[in-house]
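First up is the structure itself, then whatever we jot down about it.
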Amino acid sequence: LKLAGIPASNAALLNAARPYLLIRAAGLPFVFLATVLQGSSLGRGNAWRPLKIFGAAGIVNLVGDVWLTLYKGWGATGAATATVAAQIGAALYYAISSSRLDKGVEASSKPLRDVALVWRGLPSKRIVKTFMNVAMVLFSRSIGLMLAYSMMTRTAALGGETALAAHQVTLQVWWLLSFLPEPMSVAAQTLITRDMKDRKHRVPKLIKTLYGMCAVLGVSAAALTGVVLRAPAVAGALVADPSVRRTMATLVPFAVLSQSYCPMATLSDGVCIGLGSFSHLPIIMAGSFLSTAAGLAFVSSRNVGVVGVWACMNVFLASRLAGHVLTSKRLRKYVKKAFRGGETLKMEVAPIAA
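Quick note on numbering: our numbering labels position 95 of the sequence shown as 75, and the sequence is numbered without any gaps.
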């Protein structure tokens, strides 16, 4: 907790954070299990099943939060308990229902059909190596994201309880909307990988469509972020303290700006993975993290405050996006094809027609 910026002298924050952290840690194994099962569903092209399961878990989490925090008065402990209960329920239901699927070869060959849970023994070295090549890249991406966000929260905590509260509320709103482009990133990984095998002429058009959708989504998410954080009625529902709301208002320009191109950075990750050009991702995350860390160190040394923290959020996202453009030759090639126009597409299709 000290690494998160909570001093030992602040007993109120420590007493609230410690049980919350311990309870949430108990749900990690179930989160891992549910994530793996979700990946198997998406790999088979079945997005509807995980949507129903995690949608139901989200409703359970929301109802549990309201009941335990507002009616039972459990505070942060109640919020953690509701979240873990929803995670455990989703993982167990997913595992049990998957184990009951038809395990026959004919059934497993049907399109959009989930894979049944069957023990086939330990994986071979070849399978492990193939898996680790992609998994380590994605793992480094997740670790880089969480380290950067954690460092921002730690720096905000150094400014006191008001600054930390404003940062946390702003981050939660920003975080919620930043997950909107994730499905497009997953779609890019799946669809581009599929088309790169024998339908490469379709890839530029697909990339152009996805980037166009992300541009619209970025503008919409940025506008919604500004409305939620600035509208008195909405901000008042999120936090009651007027001083926290005033501090939140100073963060809005940086939160809106970063939200506008967050979808582009997220989609670029997925496009690079789909194109098979993802070896540079760990380098990008390391560079982005170090740039953000340097910025946060400057913010802390000059007492810029939580506004500087959100300026560093833009540094983090902008460096990620710039890193893709500078280090992925294949990404530049296909983006150029995508936005050059119909001439390139005709050149791609001509050999196939011949």
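The beta-carbon is built from N, C-alpha and C at its ideal position, and this holds for glycine as well.
By the beta-carbon neighbour count (other beta carbons within 10 angstroms, threshold 16), residue 296 is buried.
The Cβ-Cβ distance between residue 37 and residue 58 does not fall below 9 Å. By alpha-carbon distance to residue 173, the top candidate from 204, 124, 252 is 252.
Collapsing the DSSP output to three states places residue 283 in coil.
Looking at the backbone, the Cα of residue 269 and that of residue 127 are separated by about 8 Å. Close CB contacts of residue 164 within its chain, under the 8 Å cut and outside five residues either way in sequence, are with 190, 193, 194, 197, 243, 246, 247, 250 (chain order). Contact check for residue 285 against residue 139 passes: the beta carbons are separated by less than 9 Å. Annotation for residue 158: the continuous alpha helix (DSSP H) segment containing it runs 141 to 158. A distance below 9 Å separates the beta carbons of residue 183 and residue 255. A residue is called buried when at least 16 other Cβ atoms come within 10 angstroms of its Cβ; residue 51 does not meet this threshold and is exposed. When C-beta atoms of the stretch 154 to 171 are compared with those of the stretch 303 to 320, fewer than three pairs fall below 8 Å, so the two segments do not count as touching. Around the CB of residue 150, 16 or more other CB atoms lie within 10 Å, so the residue is classed as buried. Under the 10 Å beta carbon count, residue 29 is surrounded by 16 or more other beta carbons and is classified as buried.
Between the C-alpha atoms of residue 219 and residue 15 there is a straight-line separation of about 32 Å.
Nearest to residue 258 by C-alpha distance, out of 311, 224, 233, is 311. Here DSSP, grouped into helix, strand and coil, assigns residue 55 to coil. For residue 167, the three-state secondary structure derived from DSSP is helix.
Judged by their CB atoms, residue 33 and residue 0 are not nearer to each other than the 9 Å cut-off. Distance from residue 217 to residue 225 at the Cβ level is roughly 11 Å; contact not present, criterion being Cβ atoms closer than 8 Å.
If you draw a straight line from the Cα of residue 204 to the Cα of residue 231, it comes to about 14 Å. Residue 260 sits in coil when the DSSP states are folded into three classes, being neither helix nor strand.
Minimum Cα-Cα distance from residue 141 among the listed residues 107, 227, 272 corresponds to 227.
Residue -5 and residue 39 have their alpha carbons spaced roughly 28 Å apart. Contact between residue 234 and residue 287 holds, since their C-beta atoms are separated by about 7 Å, short of 8 Å. Closest in C-alpha terms to residue 60, from the list 7, 144, 293, comes 7.
Of all alpha-carbon atoms in 157, 237, 120, 187, the one lying nearest the alpha-carbon of residue 260 is that of 120.
With a cutoff of 9 Å on beta-carbon distance, residue 318 and residue 177 are scored as not near each other. Cα atoms of residue -3 and residue 55: separation of roughly 11 Å, rounded to the nearest angstrom. Note on residue 44: 16 or more other CB atoms within 10 angstroms of its CB, so buried under the neighbour-count rule. CA-CA distance, residue 153 to residue 143, rounds to 16 Å.
Per DSSP, the unbroken alpha helix (DSSP H) holding residue 207 starts and ends at 183 to 210.
In the three-state scheme derived from DSSP, where H, G and I count as helix and E and B as strand, residue 103 is classed as coil.
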